[in-house]
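A.B. asks: The structure that follows is given in the form of C-alpha cells.
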C-alpha cells in the first residue's frame, strides 16, 4: 500500500501526520538511502 490514509488512532499513537505520510519516500527509496 502506497501512502495509506492514517486513522485517528494511528495519528494519536504515533504523532505522525497525514502530510508526513503523503510526502514520505517509497520503502525502496528509503532503504537505498539508508544503505548508501
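Numbering (the numbering used here), first residue to last: 2 to 37. Quick reminder that beta carbons are idealized off the backbone N, C-alpha and C, glycines included.
From which residue to which residue does the alpha helix (DSSP H) around residue 20 run?
C.D. replies: In the chain shown, residue 20 corresponds to position 19, counting from 1. Residues 19-23.
A.B. asks: Alpha carbon to alpha carbon, how far is residue 37 from residue 5?
C.D. replies: Residue numbering aside, residue 37 sits at position 36 when the chain shown is read from its first letter. Residue numbering aside, residue 5 sits at position 4 when the chain shown is read from its first letter. Each residue's alpha carbon lies about 27 angstroms from the other.
A.B. asks: Between residue 12 and the ligand HEM, is the CB less than 7 angstroms from at least one heavy atom?
C.D. replies: The ligand content of the structure shown is nil, which means the ligand HEM is not present either.
A.B. asks: Taking the continuous alpha helix (DSSP H) assigned at residue 1, which residues delimit it?
C.D. replies: With the chain represented from 2 up to 37, any question about residue 1 goes unanswered, as that position is not in the structure.
A.B. asks: Is the CB-CB distance between residue 17 and residue 7 below 8 angstroms?
C.D. replies: The sequence position of residue 17 within the chain shown is 16, counting from 1. The sequence position of residue 7 within the chain shown is 6, counting from 1. Contact flag set, yes.
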